[in-house]
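To start, the structure itself, in structure tokens.
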Amino acid sequence: MTSYEFSPLLIEFYVHELLALVIQNATERRGESNIYYLYDKLESHLRSLESIGLTSEKYEAILFPLLESCIPEELMKVWLRNPTQSSAENELTGDYGNKLKNLLCFLKREIEGEDRLQLAKNGMKFEFSKSI
Numbered sequence: 102m103t104s105y106e107f108s109p110l111l112i113e114f115y116v117h118e119l120l121a122l123v124i125q126n127a128t129e130r131r132g133e134s135n136i137y138y139l140y141d142k143l144e145s146h147l148r149s150l151e152s153i154g155l156t157s158e159k160y161e162a163i164l165f166p167l168l169e170s171c172i173p174e175e176l177m178k179v180w181l182r183n184p185t186q187s188s189a190e191n192e193l194t195g196d197y198g199n200k201l202k203n204l205l206c207f208l209k210r211e212i213e214g215e216d217r218l219q220l221a222k223n224g225m226k227f228e229f230s231k232s233i
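Residue numbers (our numbering): 102 to 233.
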């Protein structure tokens, strides 16, 4: 058996996993989502789909709105104000590929910002407590 023969089952598995994120979001309070967990799962499953030959062009028009709905409410507000999320060109062409990539880049930047904020807070605590 070649790896190609397993592709339909793998595709179903990864799509089920992505949909599970949406369902989990629907059953939990939207603002309580762990953005680190969400990004890791999205990135992992999307890369897995691409590794078995399912390119993003084949699924992004369906998955983008679902994945966008997984974003916690406060982040969603920032995302909607983000100028890269809805360029006029993407809206006219229905190019979800760029929207999906932009969404993942946005989440990654938000995580990096959170990490920097925590580092700055912890660094300030450390410096403050050393001087006392």
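Even glycine gets a Cβ: it sits at the ideal position worked out from N, Cα and C.
All of these numbers come straight from a predicted model, not from anything done at the bench.
- Annotation: ILE163 to GLU211 spans about 24 Å, alpha carbon to alpha carbon.
- The three-state secondary structure of ASN126, taken from DSSP, is helix.
- Around the CB of HIS146, 16 or more other CB atoms lie within 10 Å, so the residue is classed as buried.
- The beta carbons of LEU205 and LEU143 sit closer together than 9 Å.
- For ILE163, the enclosing alpha helix (DSSP H) covers residues 161-169.
- For GLU158, there is no enclosing alpha helix (DSSP H), since its DSSP letter is neither H nor E.
- The criterion of a C-beta distance shorter than 9 Å is satisfied by LEU176 and LEU208.
- The beta carbons of ILE172 and ILE112 sit about 24 Å from each other, so the pair does not count as a contact at 8 Å.
- Scanning its chain for C-beta atoms nearer than 6 Å, with the 5 sequence neighbours on each side dropped, one finds around LEU167 the residues VAL123, in chain order.
- For ILE212, the secondary structure class from DSSP, reduced to helix, strand or coil, is helix.
- Across the set LYS159, THR128, TYR137 and LYS222, the C-alpha of LYS159 shows the shortest separation from the C-alpha of LEU201.
- Under the 10 Å beta carbon count, ASN135 is surrounded by fewer than 16 other beta carbons and is classified as exposed.
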